[in-house]
Amino acid sequence: MIKHSRKPSKSRYGLPPGALIHVGERKIEEVEISFIDYDGQTINEERIEHIQETARFRETHTVSWININGLHEIGVLENIGKIFDIHSLVLEDILNTQQRPKIESYEGYLHMVLKMLDYNVDSMEIVSEQVSVILKNNLLLSFQERPGDVLDPIRERLKKGLGKLRKSGADYLAYAIVDAIVDRYFYILEMLGERIEVLEEALLADPSKDSVKEIYTLKRQLITLRHAVWPLREAVNSLRKGESELVQEGTLIFFGDLHDHIIQVIDTVENYREMVAGLLDLYLSSVSNRMNEVMKVLTVIATFFIPLTFIAGIYGMNFEFMPELGWKWSYPVLWVIMIIIAGFMASWFRKKKWL
Amino acid sequence: MIKHSRKPSKSRYGLPPGALIHVGERKIEEVEISFIDYDGQTINEERIEHIQETARFRETHTVSWININGLHEIGVLENIGKIFDIHSLVLEDILNTQQRPKIESYEGYLHMVLKMLDYNVDSMEIVSEQVSVILKNNLLLSFQERPGDVLDPIRERLKKGLGKLRKSGADYLAYAIVDAIVDRYFYILEMLGERIEVLEEALLADPSKDSVKEIYTLKRQLITLRHAVWPLREAVNSLRKGESELVQEGTLIFFGDLHDHIIQVIDTVENYREMVAGLLDLYLSSVSNRMNEVMKVLTVIATFFIPLTFIAGIYGMNFEFMPELGWKWSYPVLWVIMIIIAGFMASWFRKKKWL
Amino acid sequence: MIKHSRKPSKSRYGLPPGALIHVGERKIEEVEISFIDYDGQTINEERIEHIQETARFRETHTVSWININGLHEIGVLENIGKIFDIHSLVLEDILNTQQRPKIESYEGYLHMVLKMLDYNVDSMEIVSEQVSVILKNNLLLSFQERPGDVLDPIRERLKKGLGKLRKSGADYLAYAIVDAIVDRYFYILEMLGERIEVLEEALLADPSKDSVKEIYTLKRQLITLRHAVWPLREAVNSLRKGESELVQEGTLIFFGDLHDHIIQVIDTVENYREMVAGLLDLYLSSVSNRMNEVMKVLTVIATFFIPLTFIAGIYGMNFEFMPELGWKWSYPVLWVIMIIIAGFMASWFRKKKWL
Amino acid sequence: MIKHSRKPSKSRYGLPPGALIHVGERKIEEVEISFIDYDGQTINEERIEHIQETARFRETHTVSWININGLHEIGVLENIGKIFDIHSLVLEDILNTQQRPKIESYEGYLHMVLKMLDYNVDSMEIVSEQVSVILKNNLLLSFQERPGDVLDPIRERLKKGLGKLRKSGADYLAYAIVDAIVDRYFYILEMLGERIEVLEEALLADPSKDSVKEIYTLKRQLITLRHAVWPLREAVNSLRKGESELVQEGTLIFFGDLHDHIIQVIDTVENYREMVAGLLDLYLSSVSNRMNEVMKVLTVIATFFIPLTFIAGIYGMNFEFMPELGWKWSYPVLWVIMIIIAGFMASWFRKKKWL
Amino acid sequence: MIKHSRKPSKSRYGLPPGALIHVGERKIEEVEISFIDYDGQTINEERIEHIQETARFRETHTVSWININGLHEIGVLENIGKIFDIHSLVLEDILNTQQRPKIESYEGYLHMVLKMLDYNVDSMEIVSEQVSVILKNNLLLSFQERPGDVLDPIRERLKKGLGKLRKSGADYLAYAIVDAIVDRYFYILEMLGERIEVLEEALLADPSKDSVKEIYTLKRQLITLRHAVWPLREAVNSLRKGESELVQEGTLIFFGDLHDHIIQVIDTVENYREMVAGLLDLYLSSVSNRMNEVMKVLTVIATFFIPLTFIAGIYGMNFEFMPELGWKWSYPVLWVIMIIIAGFMASWFRKKKWL
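Residue numbers (my numbering), protein chains in the order written: chain A, 99 to 453; chain B, 99 to 453; chain C, 99 to 453; chain D, 99 to 453; chain E, 99 to 453.
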């Protein structure tokens, strides 16, 4: 069950647009602000106490990545809005964690809304978290609802100076973040794919009542995944075509690659959706088959014994004048007749392939 | 049941186009005309008796918002048409409360038709009301079928001078009205989402006959919602692209935000529609399962006792020469045979997982 | 059953294109040619005997409306083609009453093919008739298969000089005709909507065998309606954009309004189609529920009595040595045992909610 | 069963593109080459023995129509390719009779691939044959798999000089051929429409097991028809827009008319496909209803007699001490009790509408 | 089961983009590098040990085709990347064998990803292998996962100098490879088509439980085929329009032909998908019919004998005062009554067509 995507909190209705209200779950922990500043040569990571400290990164020539964990303190966001000159509607979008994924160009910055999905292997649920990214010239702001995420490998690569990341600008960092989130979708797809395969084998062997529930759950999880990835297609496509001057030409090819990945996720999701629909057909026809088998057993037994029982009933009658009752061979002859009837029925059932 | 969207009243057929006839339900109350005139500094609210009084707002430099509650007095509308120079087809559209939502440009004004939906928590019905908005340069006319609506918070914000509203022009007021109506859709979606969740749990636990009715009702309400919001997408999209000179550039970003909201509503509606379709599958397979279970019980019982009853019938026959009847151990031996048959059947049923 | 849209008459095959053959039903009555000539000041209506008389209207400055009722006399049409210089393919289209609705521009005239539908309240059938309209500069030719139609109100308005009609050109008259035909679609939709509502209530209360037939008929009638209105959308859209010089600028807004109406008809048709599809689901699940109920009754009764009957059968056996038969309390004790078994079963059924 | 469209013969795989191999069935008859040469004044028809003779028609000012019946002699086609300068890929397409319909422009000629369908009234099967047309300036080459076809009326019209055909160029002849083929689709649609109608009535009256087979066959035949006509839409649309200089301006209007016919075929096919889908629903619900009825009969009979049989069983027991057995009125009283129980059940069944 | 398309290996997650990791199955065999160098006159084929040797083909004027079998040695690919100046993202795509088919333009080369499918006749499974092609000016690199493939006929044609192949450039070679792969799809379609036909006949005759499994498998194989071919459509379409300067004008027509083939594959796949969906309907209605038949037998037998058994039960009662028991003709009269009842029922069943 992914509550987030389904329940826009009631408290937002009737407010003026641009009013900052956080609609996610309220957490007790403090807002964490971490900061990484790097260029090809140096890297500098620290934790920030007061949001005002971030102001000094505004004008550096190094790439600055400010990550905010937790959105429940409105004041923090308001300050960030003032320091980095961000439109109040964008701030509202960051706080409203039921946004649809999107990438929007504003004057001087790019705003990305992404769904960071994760898969809980034990409960087999998909956990959704909204990640917002503001990309300015040498600066990247990222906003998460909760600490702990798929972005840690990026931090590692930054620190170790692996790959292109340290040598590239903030646009490449933005790409790396989206790529990490999309890569996670592949992992979730793999998990769902395994479940589909398991379910498929279970259905062909022995369909149980829980199968429908599982099919239904898979269907919904695929809907969730689709809603997370579908809107990214157009958004990333416009980036790869160089429509934003914030993305340098050398990075375009990477957004092209990202676009490929997104299309592959969409393709696989659609593929799985068709398979899951097929599973339901499989299940329903399996249930039909079972019913058929049950009915056959009932019919065979009843059809076998009802006529015989009738015959026995006839000779259980107490009429005074029933000549057969007194004959000596009546009883064995009756047995022979019954066995003949039974044999005839058995062969008829065999012809009908009911036995 | 949303009668409005389904029954264009018969009385309209065969009339010349542009003929003014109100096709909604006729109400006994008077038409209410309220008026708010404001700029950044002052605000002035009053109730108007005669429609001619509104003429004086035509040329003011302050923003004037004239709200008409009730459409049943044709004369009022005819006068407004004359005073503010509005095309008779537009007036016809305002009166015909079964319009499709749309936003249309005319020379010097913009005409919006919106569906203001509300959700009756007790009857779980969606109530639909048509709101028409005429946006002129410094003037906004809004037409409603009934008093009492989702626009009250806007009036509050105007009076209190909160947010951008008081400092902005009539175009921003128009945006605020559409935004308030679309916000209401989120609330209805939330209500429907809760019902889907409740229904889903009920279906997995114990499907009842009413579930189909509820699924069907949900389906129809989602159709209603979709028909209210779907046409807005293109309409608002053309506004946000600045295709009307009545919308100032500073307001465009807000229409962009509104467009996002509308797409989110559409997305969620489609999402819910798929879920509701899934619910029907869930219900049908659940009914199948039940039938299966009923059949199994019948089959098990019948298959168990029919052969035993046949045996009992045999020895209830009254033949004079049935040697078994006279044997001393016949009766207990028969019991043993019956118990063996029963045991054999029980194990067979267990193998088939019917027990 | 709408025969027209389904059976292109065999007699047409293998003919050269442009060969004039009337494929509708042949009627015995005469072809009726009526004629109305008007401008803002005067109006003149007469019936014409010989088609050649119409030639004199070719060059008048007043608007001339020539209406031809009945298409079975090919000569009439051939003459009209010569007098008003109409392409033989257009004449062929007029005669072939299984045309798809369309609006086509030719040099100097506009050719419209429309489906005039009507609803027979008694038989609940949709009656279809093809109306072709040729719009030239000051002239409008309309062709109908049968007399008596939805155009009478237009004639009334012309005679009484109501509305814009008398003061406008032939293009407005063309608009008025299409509008009258589309208005009729609303009426049919209303009738179908009522039947859907009635059927819906019937289905929720008590589904009968005829319901499927009714659902199927509704489905087909909606297909008919959709095929009549769907092609008009694009056709009228191109007119409203002013792509034909025969439509004056002042009339464009009316075609815009007409376009709105057409989209509304399409919307409602799609809406109804979904509802009807929902009705089928409702019916099928209702049938399933009934079957379930029937099965439950059978199962409860059989499960109740079969074991009891078996017990009775046991003590109906005629063994000489059945000690229970001689005991004094056997009979009442057996009743007690049977009642206990019955009670146990009843409680089990109640737990399963079968009682 | 339309084998052609489903089985690309294995023998083609792994060949170089452009290699000429005929993949249709091999016929024993000779390839027939017939030739018609005409202009407004004269017409000349002959049969040609050697393909080289056709070379002389290359440069005439009259229109030449060369028709080749039978594709199994590769040499004939190779020669034609050389004489008329046709690309080897086009020749390959002509031989490969599993082509998709298309119209392609090459330098100096137009290549059309069409499916000539026919309907066998006895076997109720659709027979498919590929017709390829090469249109050059004053020359038209047509290739058929078998002699005898829908083109005979065109030859008749040519000989008799009826209509525009004799007076027009090769482009009009090409149009006439496509038109004749498309006209045949209408005939097939009519046949299918009649079968749908018959099936529909049969289903409403009394669904049999063969109905599904018939529904399935109709579905497949509509798929065949759709695959034959669907690709023509775009192809003919580009011709009517004058994209090929081989089609003269005067002929464009005829291709426009043809385009209309094609859209009408597509419309009708989609219409029928929906109806056939509806027929399946009708059938399935009809089967459900029957099952329901069968179950009701079983339930009524069983529920009626099982309790009564139990009572009879009770008094068939042989206990020595059963006081009722000795009472004088027991037997008639029991009858009364049984009749009361039966009456109660009957009224209950009537309430449930099972009787 | 096509594992490849469903399981992106876990080991890729969290890596920097462009990191080279082979995600297919690891094979023990060595990587095979074969090389063919040809022009119109000469052809030269050899096997290469060290990847560095390929560097010398970079600048030749003959066409060089380097084929790499096996992707598990990353070093080989890294070297190729350096020698031929290929972007690391492209190399990553080559190694990642779960790519979606695509054709991408890079500066100086074209990158194609294709799915080479094969059909295992014994297991009736589709085997998928990814083939990547790099097309440079006079050079073509092809990468396969396994040796042995559908490209052998191309090598033969090269050696024998058949057709256009030897005389054309590397672009025609690229076309020939794609064409060979697409040709294979036709073969698979033929195999699937045969299975559909066999299944169809089996279903009409006697549906078994395995039919659903077979239908489901066919469905999935068609999904696989569709995912292999669908993305090629747009890719090849852009090539045929001459969007890449690497494809010479003379080759464009062949890509056009290829495009036709691809569309035909897609068409046939869609066609088959509809047929398979129809098969499921056929199966389900067939199961319904069977159930119906089983139920009828049960109902007929039970309805026949239950009332008769009841009558026998009545006269098996042991009441002392049952006058009928003593009458002389009771027994034969009862038989007559029973036969009358049975006859009445038989005629009723016949009327209902249950017998």
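Glycine included, each C-beta is placed from N, C-alpha and C at the ideal position.
Have a look at the DSSP bridge pairing and note the partners of residue i.
i: E:Thr165; result: In the sequence as displayed, the identity of residue 165 of chain E is Asn instead of Thr. According to DSSP, which records beta bridges pairwise, E:Asn165 is partnered with E:Ser132, E:Ser240.
i: E:Met210; result: E:Ile201, E:Val231
i: E:Ser226; result: E:Leu215
Please classify residue i as buried or exposed, where buried requires at least 16 neighbouring CB atoms within 10 angstroms.
i: E:Pro329; result: buried
i: C:Arg320; result: Correcting the residue identity first, residue 320 of chain C is Leu in this sequence and not Arg. The residue is buried, with at least 16 neighbouring Cβ atoms inside 10 Å.
i: C:His102; result: Note on C:His102: pLDDT 38, under 50, position unreliable in the model; the coordinate value appears next. With 16 or more other Cβ atoms within 10 Å, it is buried.
i: A:Val398; result: buried
i: C:Ser221; result: exposed
i: D:Trp163; result: buried
i: D:Asn218; result: exposed
Whole-angstrom Cβ separation of residue i and residue j, contact assumed at under 8 Å?
i: C:Glu243; j: C:Gly168; result: 7 Å
i: D:Leu316; j: D:Val374; result: 5 Å
i: E:Met182; j: E:Arg145; result: Correcting the residue type first, residue 182 of chain E is Phe in the shown sequence and not Met. So it is not a contact: roughly 19 Å between Cβ atoms.
i: C:Tyr283; j: C:Val363; result: 5 Å
i: E:Glu349; j: E:Tyr273; result: The sequence shown places Thr at residue 349 of chain E, rather than the Glu named in the question. Correct: roughly 6 Å between the Cβ atoms.
i: A:Ser383; j: E:Leu189; result: That belief does not hold up - the Cβ atoms of A:Ser383 and E:Leu189 are roughly 46 Å apart, past 8 Å.
Between which two residues does the alpha helix (DSSP H) carrying residue i extend?
i: D:Arg324; result: 308-338
i: D:Ile141; result: Unbroken run through D:Ile141 is the beta strand (DSSP E), 141-146; no alpha helix (DSSP H).
i: D:Arg388; result: 347-412
i: C:Phe419; result: Careful: C:Phe419 lies outside any alpha helix (DSSP H) and carries neither H nor E.
i: E:Pro251; result: 250-258
i: B:Asp137; result: First-last for B:Asp137: undefined, no H or E at that position.
i: E:Trp446; result: 428-449
i: C:Phe155; result: No alpha helix (DSSP H) contains C:Phe155, which DSSP labels as neither H nor E.
i: E:Lys180; result: 172-182
i: A:Gly291; result: 268-303
i: D:Tyr191; result: Before going further, note that residue 191 of chain D is Asp rather than Tyr in the sequence given. Its alpha helix (DSSP H) spans residues 186-193.
Worksheet entry | Chain-ordered residues of the region 193-215 of chain B with a beta carbon less than 9 Å from chain C | Answer in chain order: Gln196, Gln197, Arg198, Lys200, Glu202, Tyr204.
Worksheet entry | Selection of the region 284-313 of chain C by Cβ proximity to chain B, strictly under 7 Å | Cβ contacts with chain B come from Phe284, Tyr285, Glu288, Gly291, Leu302.
Worksheet entry | Contact residues within the region 414-430 of chain E, judged by C-beta distance below 7 Å to chain D | Listed by position, the residues of the region 414-430 of chain E near chain D (Cβ gap below 7 Å) are Gly414, Met415, Asn416, Phe417, Glu418, Phe419, Met420.
Item to complete: With 8 Å as the limit, tell me which residues of the region 389-410 of chain B have their beta carbon closer than that to any beta carbon of chain A; keep them in chain order.
Response: Met389, Asn390, Met393, Lys394, Leu396, Thr397, Ala400, Thr401, Ile404, Pro405, Thr407, Phe408
Discussion item. Please list, in chain order, the residues of the region 229-254 of chain A that have any C-beta partner in chain B closer than 7 Å.
Written reply: none
Discussion item. By the 8 Å beta-carbon criterion, what residues does the region 258-270 of chain D contribute toward chain C?
Written reply: Taking 8 Å as the Cβ-Cβ cut-off against chain C, the residues of the region 258-270 of chain D that qualify are Leu260, Gly261, Lys262, Leu263.
Worksheet entry | Residues within the region 321-354 of chain D neighbouring chain E, beta-carbon criterion of under 8 Å | Ile321, His325
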